[in-house]
Amino acid sequence: MADLTATPSSASAPFFGAEAFETWHKRSLLVLFLLCLALPIAFEVGGQRLTPLRMYLMVAIIPTIVLCLRQKLGGVTPVDLLFIAFGLLIFVSLVVVHGVSRIPFAGITAVELVGGYFVGRTLIRNAEAYQWLFRKLFIMLLILAPFALYEHLTTRMLIVEVFDRFFEVPTRDPSARGRIGLERVQGVFDHPILWGLFCSMIFVNLYTCTRDRGFTRILGVVLVMWLTFMSLSSGPMLAVLLQFCLLFWRWVTKGRWFLLIALAAAAYVTVDLLSDRTPIRIFIGIVSFNPISAWTRLAQLDAGLASIGNHPIIGIGFNPLPRPHWMSASIDNFWLLIAIKYGMPCVLSIVGGFVLHAWMAARVKISQDWLNDIRVGHIICLVALSFAIWTVHIWGSVSVFVMFYVGAGAWIYTSDLEADLADQDPASADPAHKGRYNIQYSRFQSDEIAPAGRTETPPERDGPIYSRPRVEDERRRP
172 MADLTATPSS ASAPFFGAEA FETWHKRSLL VLFLLCLALP IAFEVGGQRL
222 TPLRMYLMVA IIPTIVLCLR QKLGGVTPVD LLFIAFGLLI FVSLVVVHGV
272 SRIPFAGITA VELVGGYFVG RTLIRNAEAY QWLFRKLFIM LLILAPFALY
322 EHLTTRMLIV EVFDRFFEVP TRDPSARGRI GLERVQGVFD HPILWGLFCS
372 MIFVNLYTCT RDRGFTRILG VVLVMWLTFM SLSSGPMLAV LLQFCLLFWR
422 WVTKGRWFLL IALAAAAYVT VDLLSDRTPI RIFIGIVSFN PISAWTRLAQ
472 LDAGLASIGN HPIIGIGFNP LPRPHWMSAS IDNFWLLIAI KYGMPCVLSI
522 VGGFVLHAWM AARVKISQDW LNDIRVGHII CLVALSFAIW TVHIWGSVSV
572 FVMFYVGAGA WIYTSDLEAD LADQDPASAD PAHKGRYNIQ YSRFQSDEIA
622 PAGRTETPPE RDGPIYSRPR VEDERRRP
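Spelled out as structure tokens, the structure:
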């Protein structure tokens with residue numbers, strides 16, 4: 172049986188020298204990040220509520236932004252600037268609305284949302300590190316799965332109960348009521364929605380990052396689906412369903428994404444013309460668990476849009492949202508809540524960052540199938556997540572992880588995917604010596620104009636760069 176945690180390129184990981192030190196240094200910081208992400212504890216310091224993850228980001232945000240601005244991470248991209256602007260706009264909005272007394276809280280809020288992106292941008296710099304990340308995330312889910320099952324059947328959060336004696340811990344949210352005879356799992360997070368979204372983000376990436384095509388990979392994907400289902404939340408289930416549908420579309424049409432976009436746009440216009448409701452309202456009604464949830468979310472949408480109309484630039488900060496007396500204060504829409512709290516410029520900066528990140532990753536030309544699979548999986552997850560958080564809000568450690576995920580995919584368009592074969596030993600450049608998953612790959616095809624500053628062209632080959640049968644034949648030669 173194949174090893175689900177194996178990596179195609181693990182055999183070539185460095186063990187000595189400066190490169191090895193950098194690799195294991197980054198992986199140690201990644202493990203620490205994941206540990207801080209999973210620790211469900213908090214404590215008060217100087218009137219501020221701190222978690223291990225917040226402390227990690229407070230230490231990491233300045234060095235990681237400096238590395239980016241000094242062009243140590245493949246140059247500064249428009250996505251970087253948009254997310255920096257996002258953090259600054261959050262800070263300015265909260266200070267303008269609440270005054271200088273809330274500067275510490277405004278700062279920690281900006282650090283929490285922007286710091287995750289730059290940590291991912293810094294620690295994940297190639298495909299091997301990206302694969303390694305999702306192997307470790309899958310192992311994390313394997314460890315948490317027995318506790319999640321116990322909570323699913325009994326409502327008891329065993330991990331939280333262990334830390335409850337010493338720290339402030341999440342409590343079972345009053346809205347996390349059981350459904351269909353089962354209890355909703357929130358694991359080590361503040362709400363079942365957050366648990367479900369966290370699991371859903373591993374679904375397609377586990378599938379695309381695992382090169383084995385056997386039963387073990389399918390079993391791992393099914394496990395992730397099951398853990399997502401335990402949240403009993405429509406948002407995470409929608410994310411998994413969209414990921415599955417997009418993977419199926421890619422398989423059926425061989426990746427004709429422009430056709431899908433055209434069909435989606437045509438469907439939107441058709442529904443808008445034929446229905447007395449907007450497509451967004453129909454979408455919210457369809458994905459909600461029950462009519463009451465749909466009705467509540469539509470009321471939240473109306474109240475939120477009215478608030479944005481009255482405070483379009485700065486937002487209302489943490490002031491209460493003007494709403495009907497019967498409506499709760501919660502807003503089940505991440506994009507809408509950002510606009511309500513911090514204003515339209517702020518939400519446009521983060522939406523622009525997401526869209527531009529996906530576009531820049533999609534336009535990179537990659538010749539290797541396994542690398543393209545990773546790229547497609549990353550974008551599919553991002554698209555599905557963007558739709559899912561139309562119906563739910565994310566906060567705390569999962570909001571950090573979402574921003575981290577975007578940064579973790581920036582290597583696709585900031586790393587130098589073009590190998591300089593002229594500087595390598597001829598034997599090491601041969602696919603038979605490198606192994607089938609370590610063959611050099613290129614962002615730029617031979618018939619394209621090379622980037623500015625590059626004049627050399629890769630040597631011509633008799634056959635394709637990547638050919639599995641040829642590699643296997645080479646291995647069989649005495």
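Residues 172 to 649 (our numbering) are what the sequence shown spells out, left to right.
Ideal placement from N, C-alpha and C gives every residue a C-beta, glycine not left out.
Source: prediction; values computed, not measured.
- Cβ contact annotation for E339 (same chain, cutoff 8 Å, sequence separation greater than five): I212, A213, F214, E215 and R220, in chain order.
- I537 and N376 have their C-alpha atoms spaced approximately 18 Å apart.
- Assignment of beta-bridge partners to Q219 by DSSP yields V216.
- For the set L244, G245 and L284, the Cα lying nearest the Cα of I255 is the one of L284.
- Per DSSP, W497 is not a residue of any alpha helix (DSSP H), being assigned neither H nor E.
- Membership of K307 in the alpha helix (DSSP H) is indicated by the continuous run A298 to T325.
- Taking the CA atoms as reference points, R348 sits about 28 Å from K512.
- G480 and V263 have their C-alpha atoms some 19 Å from each other.
- Between the region 553–567 and the region 400–411, the count of Cβ pairs shorter than 8 Å is three or higher; the stretches touch.
- For V356, the CB contacts under 7 Å within the same chain, skipping 5 residues up- and downstream, are A319, E322, H323, P363, W366, M401 and S402 in chain order.
- Spanning the alpha carbons of P341 and C207 requires a straight line of approximately 15 Å.
- Rounded to whole angstroms, A209 and F360 show a C-alpha spacing of 8 Å.
- Apart from the 5 residues on each side of it in sequence, S478 sits with its Cβ closer than 7 Å to the Cβ of I487, L492, P493 and I511 in its chain, given in chain order.
- R427 and L418 have their alpha carbons spaced roughly 12 Å apart.
- Nearest C-alpha to A435 among D473, W420 and R448: W420.
- CA-CA distance, G580 to L259, rounds to 23 Å.
- For W530, the uninterrupted alpha helix (DSSP H) segment begins and ends at M515 to R534.
- If you check the CB distance, L200 and L294 come in under 8 Å.
- The alpha-carbon separation between H482 and V393 amounts to approximately 45 Å.
- Looking at T379, T387 and I373, the one whose alpha-carbon comes closest to that of V395 is I373.
- Here I583 is near A532, since their CB atoms are less than 8 Å apart.
- Nearest to G523 by C-alpha distance, out of Q539, V535, R534 and W506, is W506.
- The continuous alpha helix (DSSP H) containing Q414 extends over residues S405 to T424.
- Per DSSP, T381 lies in no alpha helix (DSSP H) and is assigned neither H nor E.
- Listed in chain order, the non-local C-beta contacts of G514 below 6 Å within the same chain comprise S264, I484, I485 and G486, local neighbours out to five positions each way being set aside.
- DSSP places M328 in no alpha helix (DSSP H); its state is neither H nor E.
- If only uninterrupted alpha helix (DSSP H) runs of at least 4 residues are considered, those enclosed by the region 432–469 are 450–458.
- When secondary structure is reduced to three states using DSSP, E339 falls in the strand class.
- Setting aside the 5 residues that flank it on each side, I565 is surrounded in the same chain by I364, L365, L368, F505 and V573, each with a C-beta closer than 8 Å to its C-beta; the list follows chain order.
- Residues H362 of the same chain have their beta carbon placed closer than 6 Å to that of D344, with the five preceding and five following residues left out of the count.
- Under the three-state reduction of DSSP, L210 is assigned to coil, being neither helix nor strand.
- The Cβ neighbour count for A465, taken over all protein chains shown within 10 Å, is at least 16; the residue is labelled buried.
- Burial of H549 is indicated by the presence of at least 16 other C-beta atoms within 10 angstroms of its C-beta.
- About 18 Å separates the beta carbon of I261 from that of A231, a gap too long to meet the 8 Å contact definition.
- Beta-bridge partners of R355 (DSSP): none assigned.
- Nearest C-alpha to T399 among A316, F337 and S346: A316.
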